Amino acid sequence: MTTLALPLPKRPVHPTGVWSWLTTVDHKRIGILYGVTAIILFLTGGVEALYMRVQLARPGQEIVSPEVYNQLFTMHGTTMIFLAIMPMGAAFFNFLIPLQIGARDVAFPRLNAFSYWTFLAGAIMLKFSWLMGGAPNSGWFGYAPITGVAYNPGHGIDFWIMSLQLLGIASLAAAFNFIVTILNMRAPGMSLMRMPLFTWMTLITSFLLVLAFPVITVALIELMLDRLFGANFFVTRAGANPLLWQHLFWVFGHPEVYILILPAMGIISEVLPTFSKKPLFGYPVVVLSGVIIGFMGWMVWSHHMFTVGLGPVANSVFALTTMAIAVPTGVKIFNWIATMWKGSIDVKTPMLFAVGFIATFIIGGLSGVMHASAPSDAQQQDTYFIVAHLHYVLFGGSIFALMAGIYYWFPKITGRLLDERVGKLNFWIMFVGFNLTFFPMHFLGLDGMPRRIYTYDADMGWNLWNAVASAGAGLIAVSMLVFVANVVRSLMKGEEAGADPWDARTLEWSIPSPPPEYNFEQIPTVHGRDAFWAQKRQGVRTVAVAGGSYNGGEHSIHMPQPSYWPLVAPIGLLMAAYGLIYVSSIFGLAAAVLGGAIAMVSVYAWSFEPVNDPPETSEH
Amino acid sequence: MAHATTVPHGEEHEETTTGLSHRKLLIWAFLGSDCMFFGSLIATYMVYRGKSLVGPFPEDVFSIPVTSVSTFVLLMSSMSMVLAYSALVRGSIKGFRIWILSTAVLGMTFLAFQTFEFRDFANYEVHLDCARVEAEDADYLEGLTDFETTFLPRCAAVDEEFSEQHGLTLKTNLFGTTFFTLTGFHGAHVTLGVIWLLSLFFYSFRGGVTPERSLDVDLAALYWHFVDVVWIVIFTVVYLFGVFPGF
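In structure tokens:
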């Protein structure tokens, strides 16, 4: 590689300390950054939910004002979807994908770091809106025209727009990266149909991200142009169609639902075989179901709009496609159950969460099929029945699976086991609390309680179930405290995990816990599915067995070197985003221009910085 | 494919599963994503076509001959891009420099046309030849656009020529909003492309562009051709469909 005398600052060289984390391009460290950030943000979203449950615990309360309540549900939804579940998925993508496919890092390590820091910038943009004159208040879907400047003159919506744009950039960069990594960096012998299920679901999710996020990007650009520059996209006075936003949003929004659930399904498909001591039942069918869900996720968006008056033909078509998408999902459920069937089941905490996932996800799936029917949905639209449904699939689905994933891979990530007894306590409190909170919401919805109301009269017949739901929310909070305590305790004095504590099946368990910086001393050769399992059982030597000696493997492996630019570019983007919000003032304009310039310069410097500086003494 | 010649994979000597280099896969994934981006913008334009409540409308402002010229310029830039790449692969750095610079200049010419066009639209004036209106010249009246027709009563107060400024901006109507957004984002893509091409041009003087690293140019070429193709769609859907009746 030619070195060119360009005036670039020296590369960061910090093996330890804060700077090593700020400039890291190691996928494992980035995964940990994603995970820790996502859990903290998950807790903030949980606090927002608790405020709402306290407010609704009894009728006629005035603990929060209606204005604050609007901000609470908007922030809760946006936080949980974009700042908790998605980045927790991203944490697993980052940490696990290279390990599962037998690679040393992702295809574009610096782009990966850029994804994380841009995500953090988006999170800052959203969460700090509380302190900067008010949070967004129009729901996580931000329907225009009510988000237009005529009805919503404050800056809350602007923070929301800019935050989602930043998060979109982060998600797109990550998705490009994982598509290339999975397609291009598999170990020899790992054909597509030998990939672990989690890798498969990550691949499908990445394609969904790549194709869905541009649509919301355009919708947000249009809304921003309306709000800041007087355009007319959603100004009905100028002839705009108020359904445009809904269509654009849900064309993105429904694939987004699968972006949230497919990684969860991938995790479940890893956990169940391990603790059942059986290969996944019907691997090709499970993969194909995931692919079909990925395709059909694009054909169902208008079921979010059954009550806006699209007419009987559109409603019937979308009702049918929505019912049809339950089929591949159902297929997966049966495959998971068949995986456990006659297995020698080891009921460890990850397994508990996985089985809990199946149970609650079925309930959420069934209520989903109920409002797939347009006439039925007309009754349920905008009631607590929908709130119950979406929490059964997103909490009972995604969060349970992510918890299973955390308990399953925590030993790999940290080298220490989480405590089993505390883990089981964690599961049962969460499981009971979850069902106590959200099951009564089905009844509340059928009794006509609308979503997004900040209080209700005592004679509506909603008192009992609201009180129960609020009590359940308290239990969920307790379960999260138990979880945090378990993590802290483990980190300090947890049991050493060893390389393969679960007798697991995929390649990440063939290397020490935590994995060395270079992951694999030798890139493994794969001869079939469940590569590590085969190696252990049949003595097929795919890789150096865990715990084997690593004498002198290190100095011949060149790892990507750290870089400042993936950190500097998002700082520029964040500045530019804040600048745009206040673009009508000279300072805003200056910040926008300066931020944009910083981002441009960083990208420029980045593209001229080689992935690796040539070694002082060339070896080849 | 424009670049079906057998080309070494540049500096990327790493083994990949598909045999394609990482960056090649990346740019294809990006272009797929960008398709959805422009698809959404074009869809918005289509949804709002003919829905503006006030003028000016497409037939008032568009000049098909002028935009045809700029379209031709952009198409030619794709050709010179191909020539630049092939010159590099053949080992002719000089040829590469000539053609990559031509590509960038053609791109800048297109941008100049677009700037001129935007300014023109923003300063659009309604003109009526009131003498011919008073004379009830049928040919003249039939040739007027809907928007111009709404100004006919104003001729009552004018003898010779009526003219009034009705500039088209982002704020004017749905047409202005969707038109400037769609073509503006396309123009932004062209601008980025020009910066990219010029960077390669100047980098070649520092020895950064070599036949072994032709992938660097290949990626820029893919992007440049994509931006061209998007313009073909925009020219057809926005300009041609906007002016010729029956679409």
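Residue numbers (this note's numbering), protein chains in the order written: chain A, 2 to 621; chain B, 505 to 751. From the three backbone atoms N, C-alpha and C, an ideal C-beta is built for every residue, glycine too. Since the structure is predicted, the reported quantities are computational estimates derived from the model, not experimental observations.
Suppose contacts are defined by Cβ-Cβ distances below 8 angstroms. Is residue i in contact with residue j by that definition?
i, j, result
"His304 (chain A)", "Ala320 (chain A)", "yes"
"Phe179 (chain A)", "Phe94 (chain A)", "yes"
"Asp347 (chain A)", "Phe276 (chain A)", "yes"
"Ala151 (chain A)", "Asn677 (chain B)", "no"
"Leu249 (chain A)", "Tyr117 (chain A)", "no"
"Leu674 (chain B)", "Leu226 (chain A)", "yes"
"Gly446 (chain A)", "Ala373 (chain A)", "no"
"Leu437 (chain A)", "Leu465 (chain A)", "no"
"Leu395 (chain A)", "Ile86 (chain A)", "yes"
"Thr218 (chain A)", "Phe683 (chain B)", "no"
"Ala114 (chain A)", "Val55 (chain A)", "no"
"Ala724 (chain B)", "Leu704 (chain B)", "yes"
"Met450 (chain A)", "Tyr385 (chain A)", "yes"
"Leu622 (chain A)", "Ala145 (chain A)", "As shown, chain A starts at 2 and ends at 621. That puts residue 622 (chain A) outside it, with no answer to give."
"Tyr565 (chain A)", "Thr24 (chain A)", "yes"
"Phe177 (chain A)", "Leu578 (chain B)", "no"
"Pro256 (chain A)", "Ala213 (chain A)", "yes"
"Tyr408 (chain A)", "Leu419 (chain A)", "yes"
In the DSSP output, what is residue i paired with across the bridge?
i, result
"Leu592 (chain B)", "Bridge partners of Leu592 (chain B): none, in fact."
"Gln669 (chain B)", "B:Glu629"
"Glu610 (chain A)", "In the DSSP output, where bridge partners are listed per residue, Glu610 (chain A) has none listed."
"Arg417 (chain A)", "A:Glu497"
"Thr384 (chain A)", "A:Pro451"
Contact check, residue i vs residue j under 8 angstroms by CB: the rounded distance?
i, j, result
"Gly155 (chain A)", "Gly134 (chain A)", "6 angstroms"
"Trp246 (chain A)", "Phe253 (chain A)", "11 angstroms between Cβ atoms; not a contact."
"Ile738 (chain B)", "Leu686 (chain B)", "6 angstroms"
"Asn71 (chain A)", "Asn138 (chain A)", "4 angstroms"
"Ala220 (chain A)", "Asn233 (chain A)", "So it is not a contact: roughly 15 angstroms between Cβ atoms."
"Arg643 (chain A)", "Val527 (chain A)", "Here chain A comprises residues numbered 2 to 621, so residue 643 (chain A) is not present and cannot be evaluated."
"Thr571 (chain B)", "Tyr743 (chain B)", "5 angstroms"
"Pro13 (chain A)", "Trp22 (chain A)", "Incorrect: roughly 11 angstroms between the Cβ atoms, too far for contact."
"Ser582 (chain B)", "Asp722 (chain B)", "With 8 angstroms as the limit, Ser582 (chain B) and Asp722 (chain B) do not qualify as a contact, their Cβ atoms being about 14 angstroms apart."
"Phe358 (chain A)", "Ala405 (chain A)", "6 angstroms"
Verify the contact flag: residue i, CB atom, against every heavy atom of the ligand HEM, threshold strictly below 7 angstroms.
i, result
"Tyr579 (chain A)", "Among the components modelled here there is no ligand, and therefore nothing to report on the ligand HEM."
Could you tell me the alpha carbon to alpha carbon distance between residue i and residue j, rounded to whole angstroms?
i, j, result
"Val747 (chain B)", "Glu646 (chain B)", "15 angstroms"
"Phe428 (chain A)", "Pro351 (chain A)", "9 angstroms"
"Trp201 (chain A)", "Pro562 (chain B)", "47 angstroms"
"Met612 (chain B)", "Thr695 (chain B)", "8 angstroms"
"Phe230 (chain A)", "His631 (chain B)", "29 angstroms"
"Asp643 (chain B)", "Phe620 (chain B)", "31 angstroms"
"Arg59 (chain A)", "Asn467 (chain A)", "7 angstroms"
"Phe96 (chain A)", "Leu84 (chain A)", "18 angstroms"
"Phe534 (chain B)", "Gln562 (chain A)", "25 angstroms"
"Met2 (chain A)", "Leu198 (chain A)", "No answer about Met2 (chain A) holds up, because its pLDDT of 39 lies below 50 and its placement is not dependable."
"Val609 (chain B)", "Ser192 (chain A)", "46 angstroms"
"Pro525 (chain A)", "Glu519 (chain B)", "14 angstroms"
"Phe614 (chain B)", "Leu595 (chain A)", "27 angstroms"
"Leu173 (chain A)", "Ala459 (chain A)", "47 angstroms"
"Gly397 (chain A)", "Ile363 (chain A)", "9 angstroms"
"Ala402 (chain A)", "His670 (chain B)", "59 angstroms"
"Ile158 (chain A)", "Ala578 (chain A)", "13 angstroms"
"Thr521 (chain B)", "His28 (chain A)", "20 angstroms"
"Thr308 (chain A)", "Leu244 (chain A)", "12 angstroms"
"Ile597 (chain B)", "Phe609 (chain A)", "20 angstroms"
Looking at chain E, is there any beta carbon in it that lies within less than 8 angstroms of the beta carbon of residue i?
i, result
"Leu678 (chain B)", "Looking at the structure shown, chain E is missing, and the protein chains on hand are A and B."
Flag this pair as touching only if the stretch 176-183 of chain A and the stretch 197-207 of chain A have three or more C-beta atom pairs under 8 angstroms; answer yes or no. yes
contact_flag[the stretch 591-611 of chain A, the stretch 563-582 of chain A] where n(CB pairs < 8 angstroms) is 3 or more: yes
Please confirm if the stretch 631-648 of chain B is in contact with the stretch 717-728 of chain B, defined as three or more CB-CB distances below 8 angstroms between the two stretches. no
For the 8 angstroms Cβ check, are there 3 or more pairs between the stretch 707-719 of chain B and the stretch 578-594 of chain B? yes
Check whether the stretch 62-80 of chain A touches the stretch 377-384 of chain A, taking contact to mean three or more Cβ pairs, one atom from each stretch, closer than 8 angstroms. no
With three or more beta-carbon pairs closer than 8 angstroms as the criterion, would you say the stretch 69-77 of chain A touches the stretch 45-57 of chain A? Flag = yes, the stretch 69-77 of chain A and the stretch 45-57 of chain A touch.
Any 3 or more C-beta pairs closer than 8 angstroms across the stretch 559-570 of chain A and the stretch 105-119 of chain A: yes
For the stretch 279-290 of chain A against the stretch 309-319 of chain A, are there 3 or more C-beta pairs whose distance is under 8 angstroms? no
Okay, do the stretch 400-417 of chain A and the stretch 481-500 of chain A touch, 3+ Cβ pairs below 8 angstroms being the bar? yes
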